[in-house]
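Input: a single structure, listed below in structure tokens.
Chains as they are written, first to last, in the numbering used here: chain C, -2 to 361; chain S, 1242 to 1635.
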């Protein structure tokens, strides 16, 4: 029973009701200081259980604390099982996890990886890679629990809209409530180095993937991360998709670079622009993200290319990102190099419902 | 009443205060129902308090800006996928007859090509299976050469056969050919005539066209993020340059394009390949081991000397002149995505409108068609070209 489970949520709700009943029943119990003690404990328990119910609901939305030990600073999240995805014969990818002991960054954090269908049977192949980044507060589990990323990837790959691709889901912070925004904090966590040096090195060592030319995708704070890391590390990443992302980190780095080197609008204005491609998606109702997306699109200039996608309705929430997810992954796949050395192309399921009808009307 | 508006938040706060006041008032009233009323009052107050806090946070962060966003259900898409066939698809199908699984080579004469200042009309080689998969979009490889590299149609056909799943365009350039033509005009015409993607192609150039290739990449870095420059000249006496039996068969089927010699461009030698280009561009130098990179006969990645700041990654690929084009095409093809079905259209509204789903029963680009293991190896080039009757006139 993890902190983000429905059972925990129901238990907290039951405790809240129980505490309210205890408060009502034992309010008049005892006399003197015992009565004060009973009342204090009952009021405290009632407030604590109600708060816990609310916080557990929030945690279920963002998966910031996927395990009990993570409440105390442990990063054993990778030991947490990933929800099972609908499996078909040969059409379902596999989720694996491993711990990256970052020699360069000094961070040791768990990483999940989606291995596409057919991966295990192709030891000589080299697959393209997408690094998927989560929001704040949050964890990689949000991709699996709220965005159903494994199902989406299985669907898009089996439909042929996406090439078989390895997708890596790293943690972006050593402490759940520490917002790194994928930067190297002065005197603090070197998240940028971990994500751009240590994670790629570990993935190249453990998985058979293409050496460079990776893609990035992220939502919310992870969207800023994707855009920023692509602009800052074009040798590692050639494309990035930002779902409801931002143009600046919104935190203090420690040396003022949140206004310069880590501010993407400043970068586009003052520094040479790399030849990378960005996909920026947001809901029109998401004011801050929309404002930043429009500003980035206006500031972009060659050789950088920007594709924008706006959604009416929606907001800054998981359902909106789920609507953006498949087109973003498709777009990324059309912008990455192909798998190299495939002996046997992945066989789609004969019952795959993925491919819609061919329409021969002009494509605009 | 807006989900993020002040009235709702005010109402929630007032309701919380009212619930608290009511709970206090009823605290000592009633007899048997007293305990029940107390508990319900506490729970109601707590629920309204949490609701008020949630509304304030939601107003600040805009998680759910509207009631529709809050009540939406996702996970189902009702999208329609559209793939536009190339203008030449039907003509190619007619030409291929029953050999739909085979590659097709033809001389391409799109509207206005004579204004492109090419020595000849470009030759296009479609990949194996192009006609079998009308829902797939293919990347394109643009091969430019002024004839100085000694790439004969035979060599080109043999190289194209082993390149991979991509539409390959062979263009003989002249001194008047411009980068704008190769970066804009030609791709636009190609996208009209064949099912090609709009991004991430690659360009392969002979050494004497290195400057033009780099200008083309600079003009359209999103379209050509990968560039391969082939050093050396294929000697017609080189044994390896002689076509194989399979390629010989192809030779007779391709319109023979006579290479027109022209003066080499100034600085068109291999050194021009190391002109700095923006980061994000991948450059491959293909040539004899000693010539391309004396320190590392294999492949390596370096940053061109003398360039400050982010720069294109350079890869050196060792290949004898006879195999240079083939090596470059294989590398260039690997930099492009595989053929893919039309992408999922971006959602334009959330909650997504549910519509009926239709499913197309055709193989996926990454799927293996029945018997394709052999078919993939046996790629033949069938007759085609401008002289073939029936090609749509442009």
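Cβ coordinates follow ideal geometry from the N, Cα and C atoms, glycine included. Owing to the predicted nature of the structure, the values given are computational and were not obtained by experimental measurement.
Would you list the residues sitting across from residue i in a DSSP beta bridge?
i, result
"residue 1382(S)", "1409(S), 1443(S)"
"residue 310(C)", "1591(S)"
"residue 259(C)", "None; residue 259(C) has no bridge partner."
"residue 279(C)", "307(C)"
"residue 167(C)", "108(C)"
"residue 1359(S)", "1414(S)"
What residues of chain C sit near residue i, judged by a beta carbon separation below 7 Å?
i, result
"residue 1305(S)", "312, 314"
"residue 1589(S)", "308, 309"
"residue 1584(S)", "158, 324, 327, 328, 331"
"residue 1466(S)", "235, 272"
"residue 1309(S)", "310"
"residue 1577(S)", "334, 335"
"residue 1441(S)", "331, 332"
"residue 1218(S)", "Given that chain S is displayed from residue 1242 to residue 1635, the structure contains no residue 1218(S) and the question cannot be resolved."
"residue 1276(S)", "21, 22"
Name the chain C residues that come within less than 9 Å of residue i, Cβ to Cβ?
i, result
"residue 1279(S)", "17, 18, 20, 21, 22, 24"
"residue 1438(S)", "331"
"residue 1341(S)", "Within chain C, no residue comes near residue 1341(S); the closest Cβ sits about 16 Å away, beyond 9 Å."
"residue 1581(S)", "157, 158, 159, 160, 327, 330, 331"
CB-CB under 8 Å to residue i, same chain, minus the five flanking residues each way: which ones, in chain order?
i, result
"residue 320(C)", "308, 311"
"residue 1311(S)", "1244, 1305"
"residue 9(C)", "46, 49, 50, 53"
Leaving out the 5 sequence neighbours to the left and right, which residues in its chain are closer than 6 Å to residue i when beta-carbon positions are compared?
i, result
"residue 1257(S)", "1289, 1290, 1293"
"residue 47(C)", "13"
"residue 1501(S)", "The predicted position of residue 1501(S) is uncertain, since its pLDDT is 33 and thus under 50; no value can be drawn from it."
"residue 133(C)", "176, 218"
"residue 101(C)", "190, 194, 195"
"residue 279(C)", "241, 286, 287, 290"
"residue 257(C)", "263"
"residue 1401(S)", "1366, 1409"
"residue 125(C)", "162, 207, 333, 334"
According to DSSP, simplified to helix, strand and coil, what is residue i?
i, result
"residue 179(C)", "coil"
"residue 206(C)", "strand"
"residue 197(C)", "helix"
"residue 92(C)", "strand"
"residue 337(C)", "strand"
"residue 1534(S)", "Any reading at residue 1534(S) needs caution, since the residue's pLDDT is 48, under 50, leaving its predicted position unreliable; the model's value is listed next. The answer is coil: DSSP assigns residue 1534(S) none of H, G, I, E or B."
"residue 412(C)", "Residue coverage of chain C in this structure runs from -2 to 361, which leaves residue 412(C) outside it and unanswerable."
"residue 1555(S)", "strand"
"residue 67(C)", "helix"
"residue 1603(S)", "Unreliable placement is indicated for residue 1603(S), whose pLDDT of 44 sits below 50; no coordinate value is reported for it."
"residue 1416(S)", "coil"
"residue 1343(S)", "coil"
"residue 1267(S)", "helix"
"residue 1596(S)", "Residue placement at residue 1596(S) cannot be trusted, given a pLDDT of 46 that sits under 50; what the coordinates show is reported in the next sentence. It is coil, neither helix nor strand."
"residue 139(C)", "helix"
Could you give the first and the last residue of the continuous alpha helix (DSSP H) run that contains residue i?
i, result
"residue 1565(S)", "1562 to 1575"
"residue 1457(S)", "1451 to 1460"
"residue 48(C)", "30 to 59"
"residue 119(C)", "It is not in any alpha helix (DSSP H) - residue 119(C) carries neither H nor E in the DSSP assignment."
"residue 320(C)", "315 to 330"
"residue 1295(S)", "1275 to 1302"
"residue 1525(S)", "Careful: residue 1525(S) lies outside any alpha helix (DSSP H), inside the beta strand (DSSP E) at 1523 to 1528."
"residue 1432(S)", "1427 to 1434"
List the endpoints of the continuous beta strand (DSSP E) containing residue i.
i, result
"residue 239(C)", "234 to 240"
"residue 112(C)", "105 to 112"
"residue 215(C)", "211 to 216"
"residue 128(C)", "126 to 130"
"residue 292(C)", "First-last for residue 292(C): 284 to 296, but that is the alpha helix (DSSP H), not the beta strand (DSSP E)."
"residue 1468(S)", "1467 to 1471"
"residue 248(C)", "Element bounds for residue 248(C): n/a, residue is neither H nor E."
Determine the chain S residues that contact residue i at a beta-carbon separation under 8 Å, and present them in chain order.
i, result
"residue 300(C)", "1459, 1462, 1463, 1519, 1521, 1522"
"residue 43(C)", "1283, 1287"
"residue 13(C)", "1284, 1287"
Starting from residue i, find everything on chain S with Cβ-Cβ shorter than 7 Å and list it in chain order.
i, result
"residue 284(C)", "1303"
"residue 173(C)", "Correct list: empty, because the minimum Cβ distance to chain S is about 18 Å."
Give the interface partners of residue i over in chain S, defined as CB-CB distance under 9 Å, in chain order.
i, result
"residue 162(C)", "Result: empty, since nearest Cβ-Cβ is about 10 Å, beyond 9 Å."
"residue 220(C)", "None at all; the shortest Cβ gap to chain S is about 14 Å."
For residue i, I'd like the list of residues in its chain whose CB is within less than 7 Å of its CB, leaving aside the five on either flank, ordered along the chain.
i, result
"residue 360(C)", "Model confidence at residue 360(C) stands at a pLDDT of 27, short of 50, so the residue's coordinates are unreliable; what they give is reported in the following sentence. Within the same chain, residue 360(C) has no close Cβ partners at all."
"residue 171(C)", "72, 104, 106, 186"
Just to make sure I have the definition right: I need the residues of chain C whose C-beta is within less than 8 Å of the C-beta of residue i. Which are they?
i, result
"residue 1640(S)", "Residue numbering for chain S in the displayed model covers 1242 to 1635; residue 1640(S) lies beyond these limits and cannot be assessed."
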